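Numbers in our numbering are just positions in the sequence shown, counted from 1, shifted up by 1017.
Ideal Cβ positions, reconstructed from N, Cα and C, are used throughout, including at glycine.
Remember, it's a predicted structure, so these values are computed and weren't measured experimentally.
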Amino acid sequence: MKNKKNGKNKLWIALLLFSMVVLFVTACGSTTETTTSTNPTQGENGNVGNKEEGSRQVEEKAELQKTTDTPYWIYVANEGSNDVSVVDTSINKVVATIPSGKVSHHVYLSPDEKYVYVMPKGETFITVISTATNEVIGKIEVGKAPTHPGYMPDGKTLVVGVTGDKVAAVIDMENNKLVKKIEAGKGAHDTSITKDGKYAFVSNNKSDFLSVIDMTTMEKVKDIKTGPVANGNTMSPDGKLLAVGVTDEAKAVIIDTHTLEILAEVPTGKGVHNLRFTNDGKYLMTGNQGDGTVTVIDTKNFEVVKTLQAGLGANIPTMSPDGKYAYVTANNDTFISVVDLSTMEIIKNIPVVKNPHNLIFSPDAKLAYTTNWGESSLSVIDTETFEVVDNIPVGLNPNGLQLMTSVPKEVALEWQAKAEELAVEKNNKETADATPITLEEKLYQESCSTCHGLNTIEASGIKGDAWEQTVDKMIKNGAKLTPEQADTIVNYLKTKFPN
1018 MKNKKNGKNK LWIALLLFSM VVLFVTACGS TTETTTSTNP TQGENGNVGN
1068 KEEGSRQVEE KAELQKTTDT PYWIYVANEG SNDVSVVDTS INKVVATIPS
1118 GKVSHHVYLS PDEKYVYVMP KGETFITVIS TATNEVIGKI EVGKAPTHPG
1168 YMPDGKTLVV GVTGDKVAAV IDMENNKLVK KIEAGKGAHD TSITKDGKYA
1218 FVSNNKSDFL SVIDMTTMEK VKDIKTGPVA NGNTMSPDGK LLAVGVTDEA
1268 KAVIIDTHTL EILAEVPTGK GVHNLRFTND GKYLMTGNQG DGTVTVIDTK
1318 NFEVVKTLQA GLGANIPTMS PDGKYAYVTA NNDTFISVVD LSTMEIIKNI
1368 PVVKNPHNLI FSPDAKLAYT TNWGESSLSV IDTETFEVVD NIPVGLNPNG
1418 LQLMTSVPKE VALEWQAKAE ELAVEKNNKE TADATPITLE EKLYQESCST
1468 CHGLNTIEAS GIKGDAWEQT VDKMIKNGAK LTPEQADTIV NYLKTKFPN
C-alpha cells in the first residue's frame, strides 16, 4: 500500500515538473516576440536601429509633448523697440514680433481673446492685433497718447484715457471702431468702471481732479477734486470704493462709487502712483515710487496700519490669485518684494534683471511673469519657491503684458515652427552679411587678446610706425610670435591705425 502511494506521488511530481517547463518555454517565447515587435529603436522596415537614434526619437517625442501641453501666450508691449512680442510659455520663446507704434506702452486683450489692443504713447491711435494671425488689422484714431483703459461689464466696450487730448475714448470692441470722445481732464490716464457699467472714472495726472463719466449718456457728469497729479486709480472687489493715488500730495483719496463723494484722504509714502486692493477688499496697498515704500491702509477705518520698505521706485502691488501674497514691482531696482498678507511683512526680495514693472500670473498661478524695463526680457518666477527660473528675451523696454489662454495646440506648434524658420533665416542672413575675416586680422585678434582686451589696444592712441616699438615690447613681455607673425601684425596695425 505504501509503495503504491509513493508511485502515485512520483507520477504527480513528474507531471507537475513537465507542466512548469512547458509554461516557462512558452513564456520566454512570448516575451521575446513582444520585445521584438515593440522595440523603440526599430527602423521603418522592422529592422532594429541603433540605440542612439531611438533615444533621440524618444527625446523628440517628449519635447513635442512639452511644447503642446496647455499652451498659452503672453503678449508684451515693448516701449523701446516699438513692437509687441508674442511669447509661447510652453517653450519660453518669442514666436512672433509685431510692429505696433512708437512707445508701445501697454497691451489689453479683448474678453473673447480675439484682439489685442496696444496703447502706443507716441502715437494718436490704438493698434489692433488679431490673435488668429498675430498681425495688425487696424488702427483706431483716438488722439495723442492713449494710455490705460477700463472694460465695460458687457465685454464689448473699452474706455481709454487719452493723455495728450484731455479725453476718454470709447471703443466698440466688436467692430474695432471709435464710438465717441468724452471730455476728461489734462493728462487723462487711468480708467476704472463700476460693476454695473454706470460710471467710468478717469484720473488726470496733469490736473487736480478725477473725471466721472455717465456711460448711459456718455457725458461727463462730475469732476472730483483730489489734489494735483491724480495718477493711478483702482476699484475695490465689491465695486463700492474707488481709490486714487495723488502723487504730489502723497495721499490716497477714497471715493464712494455710488454717491461720488470723497470718504477719506489717507497719507501715503512719497510719489504714490499705482495702488491695489487686496482680494478680500480689507486693505488698500499703494506703491510709492518716491521713497520705495508700500503703504497698507485698512479700508474699514481708512487708517494706515503698516509701511513697508520695498525696492526703489516701488510701483504695483499685484495680488496673487489665492490672496495670500502681494508682489511689489520696483521701477528703479533689481528685485520684486513679496508681502505675506497674513502678517503684512516682506518675506522675500526676488532678484530679477532690472526695473521690474508689470506682473501677471500663469493660469494655474504656479508661475509669475514680470517685465524688466530698461532691458529686453521677462523674468519667470516660481511662486512656490519665490525663485526666478528663467529669463525670456523680448523687445527693448518691455512694459505691459497680457495672458492669452485660448491657444489651440496645433496653432502653438505652427507658430513655433515659423519662429524656428525665421531664426534660421536671420542667422543665415547675418552670416552672409558678415565681412569675412582676413588671416592678418585673425592673427591680430588671437595674439593680441591673450593679456588684455582688444579695446585696450584700440584705445591706446598709438599710430603708424610707433606700432613696431609696441609689438617689440609685447614680444619682450611674453607674446609668442615668430618674426614673420610680428611683421604681419605690425603691418596690419599700421594699416588699421595710420599716422
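Given this structure, state the Cα-to-Cα distance separating L1325 from V1135, to the nearest angstrom. 33 angstroms
Does DSSP put Y1386 in a helix, in a strand, or in coil? strand
Let me know the secondary structure DSSP gives N1414 once reduced to three states. DSSP, reduced to helix, strand and coil, places N1414 outside both helices and strands of the structure shown, so it counts as coil.
Touch check for the region 1425 to 1443 and the region 1121 to 1140: three-plus C-beta pairs under 8 angstroms? Touching, no, given that fewer than three Cβ pairs across the two stretches are closer than 8 angstroms.
Compute the beta-carbon to beta-carbon distance between L1384 and T1400, rounded to the nearest angstrom, for a pair I have assumed lies under 8 angstroms. The Cβ separation is near 6 angstroms, so the contact holds.
Take the Cβ of A1269 as the centre, count every other Cβ of all protein chains shown within 10 Å, and call the residue buried at 16 or more, exposed below. buried
Would you kindly check if the distance between the Cβ of E1096 and the Cβ of N1416 is under 7 angstroms? yes
For P1163, which beta-bridge partners are listed by DSSP? V1179
Please state whether DSSP places S1423 in a helix, a strand or coil. The answer is coil: DSSP assigns S1423 none of H, G, I, E or B.
Neighbour-count burial assignment, I1506, 16 or more Cβ in a 10 Å radius: buried
Find the nearest neighbour of N1508 within the set E1485, K1490 and Q1462, judged by alpha-carbon distance. Comparing Cα positions, the closest option is E1485.
Kindly indicate which three-state DSSP category K1497 falls into: helix, strand or coil? Per DSSP, reduced to three states, the secondary structure at K1497 is coil, with no helix or strand assignment.
Using the rule of at least 16 other Cβ atoms within 10 Å of the residue's Cβ for burial, across every protein chain shown, is H1122 buried or exposed? buried
Just curious, the alpha helix (DSSP H) that L1460 is in, first and last residue? Element bounds for L1460: L1456 to S1464.
Please confirm whether G1155 and V1145 have their CB atoms less than 7 angstroms apart. yes
Take I1188 and list the residues in its own chain whose beta-carbon comes closer than 8 angstroms to its own, dropping the five residues that flank it on each side. Y1134, I1143, I1157, V1159, P1166, T1174, L1175, V1176, V1177, K1194, L1195 and V1196
If you measure between the beta carbons of T1310 and V1289, is that distance less than 7 angstroms? no
At a cut-off of 6 angstroms, would you count G1167 as near the ligand ADP, judging by its Cβ distance to the nearest heavy atom? This structure lacks the ligand ADP, and indeed carries no ligand of any kind.
By Cβ distance below 7 angstroms, which residues in the same chain neighbour K1083 in space, the five residues on each side in sequence not counted? Confidence in K1083 is poor, its pLDDT being 42 and thus under 50, which makes the residue's placement too unreliable to answer from.
When we look at the beta-carbon of K1459 and count the other beta-carbons within 10 Å, is it buried (16 or more) or exposed? exposed
In whole angstroms, what is the alpha-carbon distance linking P1284 and I1115? One C-alpha to the other measures close to 42 angstroms.
Return the first residue and the last residue of the beta strand (DSSP E) that E1401 is part of. From DSSP, E1401 is part of no beta strand (DSSP E); its letter is neither H nor E.
Suppose contacts are defined by Cβ-Cβ distances below 7 angstroms. Is A1113 in contact with V1103 by that definition? yes
Looking at the structure shown, is M1252 part of a helix, part of a strand, or coil, going by DSSP? strand
If you follow the beta strand (DSSP E) that G1304 is part of, which residue opens it and which one closes it? Y1300 to N1305
Considering just the uninterrupted stretch of the beta strand (DSSP E) at T1346, what are its terminal residues? Counting along the chain, the beta strand (DSSP E) containing T1346 begins and ends at Y1342 to A1347.
What does DSSP give as the partner residue(s) for T1264 in the beta ladder? Answer is none; T1264 lacks a bridge partner.
Looking only at C-alpha atoms, which of V1370, A1247, L1510 and K1435 sits nearest to A1267? A1247
Among G1481, G1249 and T1387, whose alpha-carbon lies nearest the alpha-carbon of I1377? T1387
T1351 (DSSP reduced to helix, strand or coil): coil
Just mark L1510 as buried or exposed, buried being the case when its beta carbon has 16 or more other beta carbons within 10 Å. buried
Considering just the uninterrupted stretch of the beta strand (DSSP E) at L1329, what are its terminal residues? Counting along the chain, L1329 falls outside any beta strand (DSSP E), and DSSP gives it neither H nor E.
By DSSP's criteria, S1220 is part of a beta bridge. Which residues make up the other side? L1227
Taking the C-alpha atoms as reference points, what is the distance between E1501 and E1457? 11 angstroms
From what residue to what residue does the beta strand (DSSP E) around G1155 run? E1152 to E1158
Please return the same chain residues whose Cβ sits closer than 8 angstroms to the Cβ of K1019, not counting the five positions on each side in sequence. Annotation note: pLDDT 42 at K1019 (below 50); position unreliable, no value reported.
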